[in-house]
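S.K.:
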Amino acid sequence: MFRGKNIFHIAILTYLIFNLYKLNFCSIIRQVKYQSKTDKSLDNKRPTWTSRYSFILAAIGSAVGLGNIWRFPYVMGQNGGAVFLLAYVLFIVTICFIPLMTEILVGKKTKKDCVGAFELAKPELKYLGMLNPITAIIVPSFYFVIGGWIINYTYKSFIGFQNDNPIQYFSAFTQAPVITVASTLLFLFICIFFLARGVKKGIEFINNVMMPLLAIILVILVIASINLPNAYLGLEYIFKPDFSKVSGHMLLSALGQAFFTLSVGMGSLLTYGSYIKSDKNIVKSAYTIIFSSTTFSILAGMMIFPAVFSFGLEPDSGAGLVFVTLPKVFMQIPHGNIVACAFFILLFCAAITSGISMLEVPCATLVDRLKISRLKAGVILFCIIALITIPATLSFGLLKDFKLFDKTIFDLLDFTASNILLPLNTLFVCLIGGWFLKIRGELIFKNKFLISVFNIGLRYVVPIFLIGLFIIGLR
Ligand code: PFF
689 MFRGKNIFHI
699 AILTYLIFNL
709 YKLNFCSIIR
719 QVKYQSKTDK
729 SLDNKRPTWT
739 SRYSFILAAI
749 GSAVGLGNIW
759 RFPYVMGQNG
769 GAVFLLAYVL
779 FIVTICFIPL
789 MTEILVGKKT
799 KKDCVGAFEL
809 AKPELKYLGM
819 LNPITAIIVP
829 SFYFVIGGWI
839 INYTYKSFIG
849 FQNDNPIQYF
859 SAFTQAPVIT
869 VASTLLFLFI
879 CIFFLARGVK
889 KGIEFINNVM
899 MPLLAIILVI
909 LVIASINLPN
919 AYLGLEYIFK
929 PDFSKVSGHM
939 LLSALGQAFF
949 TLSVGMGSLL
959 TYGSYIKSDK
969 NIVKSAYTII
979 FSSTTFSILA
989 GMMIFPAVFS
999 FGLEPDSGAG
1009 LVFVTLPKVF
1019 MQIPHGNIVA
1029 CAFFILLFCA
1039 AITSGISMLE
1049 VPCATLVDRL
1059 KISRLKAGVI
1069 LFCIIALITI
1079 PATLSFGLLK
1089 DFKLFDKTIF
1099 DLLDFTASNI
1109 LLPLNTLFVC
1119 LIGGWFLKIR
1129 GELIFKNKFL
1139 ISVFNIGLRY
1149 VVPIFLIGLF
1159 IIGLR
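Throughout the sequence shown, residue numbering follows our numbering, covering 689 to 1163 in sequence.
1. Here's a check: name, in chain order, each residue in its chain whose Cβ is nearer than 8 Å to the Cβ of Leu923, leaving out the five neighbours to either side.
2. Beta-carbon within less than 6 Å of Met898's beta-carbon, same chain only, minus the 5 sequence neighbours each way: which residues are those?
3. Please state whether the Cβ-Cβ distance between Phe997 and Gln1020 is less than 8 Å.
4. Please indicate yes or no: does the CB of Asn1107 lie closer than 7 Å to some heavy atom of the ligand PFF?
5. Name all residues in chain order for which at least one heavy atom of the ligand PFF lies closer than 6 Å to the residue's CB.
6. Reducing DSSP to helix, strand and coil, say where Leu1092 ends up.
7. Please report the distance separating the alpha-carbon of Ser742 from that of Lys1091.
8. On a CA-only basis, which of Asp1102, Pro917, Ile838 is nearest Ile757? Give me that one, please.
9. If we ignore side chains and look at the alpha-carbon of each, how far apart do Tyr857 and Asp930 end up?
10. Mark Tyr776 as exposed unless 16 or more other C-beta atoms lie within 10 angstroms of its C-beta, in which case mark it buried.
11. Between the Cα of Ser629 and those of Ala747, Tyr920, Leu1101, spot the shortest distance and give me the residue it belongs to.
12. Output yes or no for whether 8 Å exceeds the beta carbon distance between Leu950 and Leu788.
13. In angstroms with no decimal places, state the Cα-to-Cα distance between Val781 and Gly944.
14. Take every Cβ of the segment 804-823, pair it with every Cβ of the segment 1039-1057, and state whether three or more of those distances are shorter than 8 Å.
15. Could you say which of Gly1085, Leu1054, Ala974 lies nearest to Leu883 if we only look at CA atoms?
16. Out of Ala746, Gln863, Lys1088, which one is the CA nearest neighbour of Gly1043?
17. Taking the beta carbon of Tyr1148 as the centre, do at least 16 other beta carbons fall within 10 Å, making it buried, or is it exposed?
18. Count Cβ pairs between the segment 1142-1156 and the segment 980-989 that sit closer than 8 Å; are there 3 or more?
19. Exposed or buried, Ser1083, counting other C-beta atoms within 10 Å across all chains shown (16 or more means buried)?
20. Could you have a look at Ala884 and say whether DSSP puts it in helix, strand or coil?
21. Check whether the Cβ atoms of Ala1105 and Leu876 sit closer than 8 Å, and answer yes or no.
22. Does DSSP put Val777 in a helix, in a strand, or in coil?
23. Go ahead and pull the three-state DSSP assignment for Met789.
24. Is it right to say Asn969 is buried, meaning 16 or more other beta carbons lie within 10 angstroms of its own, or is it exposed?
25. Given Phe674, which residues of its chain have a CB within under 8 Å of its CB, disregarding the five upstream and five downstream residues?
26. Would you tell me roughly how many angstroms separate the C-alpha atoms of Lys928 and Val771, rounded to the nearest one?
27. Compute the beta-carbon to beta-carbon distance between Lys800 and Leu793, rounded to the nearest angstrom, for a pair I have assumed lies under 8 Å.
28. For Leu711, I'd like the list of residues in its chain whose CB is within less than 7 Å of its CB, leaving aside the five on either flank, ordered along the chain.
29. Start and end of the alpha helix (DSSP H) containing Ile914?
30. By the DSSP assignment, the alpha helix (DSSP H) with Phe830 in it spans what residues?
31. Exposed or buried, which one is Ala912 when buried takes at least 16 other CB atoms within 10 Å?
32. Suppose the cutoff is 8 Å on Cβ atoms and the five residues either side in sequence are ignored; what does the same chain contact list for Glu1130 look like?
33. I want to know whether the segment 861-873 touches the segment 902-912 - three or more CB-CB distances under 8 Å.
34. Look at the Cβ atom of Gly1006, then the Cβ atom of Tyr831, and state whether they are nearer than 8 Å.
Dropping the structure here:
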């Protein structure tokens, strides 16, 4: 009996080992075949931007989004106004510049999607690379909820806010399941539609149309806002720092906001960077992206706060600033409907171009890894994101009492992405870029001092800083 059992075990073990061997052997052969195929043919087939400006515009389109126009003003309102702006700008030009540059350089150097780029550094690192497309599925799952709200508010501003009470309207609307889910899915569909059309016909096209439109609308709205009575109070709030408001929490919020608005930490810039032709220098592009994103944030503040102060409303009303406080302003100014329409179209353009840049990360991974068309990748992504975004949309209504770790699904997705995944991805891209792929300051600067600052920053300062931040952020 005992011997019989042993023979049985040995037989199973032999069978398992044989199968594992076969599996491993086959997968090695498949990998070798795949590798040579990727290296030879895929790089030639890889799409590229039409010009340097197409890349810059697309990267600005990615950077300027809800983070600048919806989130920045309200986080600034909650963190004391001008001091927050000062910290935000300071972080952007110091700490954030290095990961931003590194992401683009890693993409440009490897000409691969995030997983492929990390795999090229060391095969096992591809698992870390996968965290980027995963993050770029989680973030749209809550970001697109706001996208859906914007679609609805754009429609609402067309037909007029009439005498609706903005607070009641906002709370009733966000709790209505059918309309919110339908708008979120419509927003997702529009992003996927342009994504599936490809880098030139889809991403370049939409950025070429929407980014200038966005800049024009924003400038017009800023001019209108700063001409309101008592608008100077709002400008003072943005530009006159009150240093008594400096706190650890404020600094952390400013840093998180800086990373988010620059689109660092999700692989979007890496993926966009992989479509840059090799001979292009990207330093000027990086400066332009940083400058534009910061300018858009400041302009968003200059559009919102003078109007808010002019009508004696609260600047620190939180996430509802754009959906509750501003409609109050629109209802009181002449031609308020037209202004409201322009404002929500502006928000829509900003959200779409950023949304597309997020989805490009998993799309490129699916296309590169599975060798499927962008259309198929788009359909797969639509289904996956729809599954996650529907419960996130419902967390303001039907599922508002459903909590995991004491958070609604929307808040949990936001927390996991912003506090864990984005800093982790940024850390990994710096470590892998700096230590494995040998990204060096020499690739971008001529000045020796700048080269040393970049090299030390990339390999030591930023990673240590991010680890510290990560630990603080988790507590
Ligand atoms: N920068 C975008 C915004 O401010 O709304 C959000 C974003 C887009 C973050 C793409 C990350 C990303 F990869």
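Beta carbons are placed, not taken as given, at the ideal position from N, Cα and C, and that holds for glycine. Nothing here was measured: the structure is a model prediction, and the numbers come from that model.
M.R.: According to the structure data:
1. Ile914, Met990, Phe993, Pro994
2. Cys1037, Thr1041
3. no
4. no
5. For the ligand PFF, the selected residues are Ser750, Ala751, Gly753, Leu754, Gly755, Asn756, Phe948, Thr949, Ser951, Met954, Ser956, Ser1042, Ser1045, Met1046.
6. strand
7. 43 Å
8. Ile838
9. 35 Å
10. buried
11. With the chain represented from 689 up to 1163, any question about residue 629 goes unanswered, as that position is not in the structure.
12. yes
13. If I take the Cα positions, the gap works out to 14 Å.
14. Contact between the segment 804-823 and the segment 1039-1057 is present: three or more C-beta pairs spanning the two stretches fall below 8 Å.
15. When each option's Cα is compared against that of Leu883, the closest is Leu1054.
16. Ala746
17. Flag for Tyr1148 reads exposed.
18. no
19. buried
20. helix
21. no
22. helix
23. helix
24. exposed
25. Outside the shown range of the chain (689 to 1163) lies residue 674, about which nothing can therefore be said.
26. 8 Å
27. For a cut-off of 8 Å, the C-beta gap from Lys800 to Leu793 is around 13 Å, too long to register as a contact.
28. With a pLDDT of 39 at Leu711, under the threshold of 50, the modelled position of this residue cannot be trusted, and the question is left open.
29. 893-914
30. Note, Phe830: alpha helix (DSSP H), 819-847.
31. buried
32. Ile1139
33. no
34. With contacts defined as CB atoms closer than 8 Å, Gly1006 and Tyr831 fail to qualify as a contacting pair.
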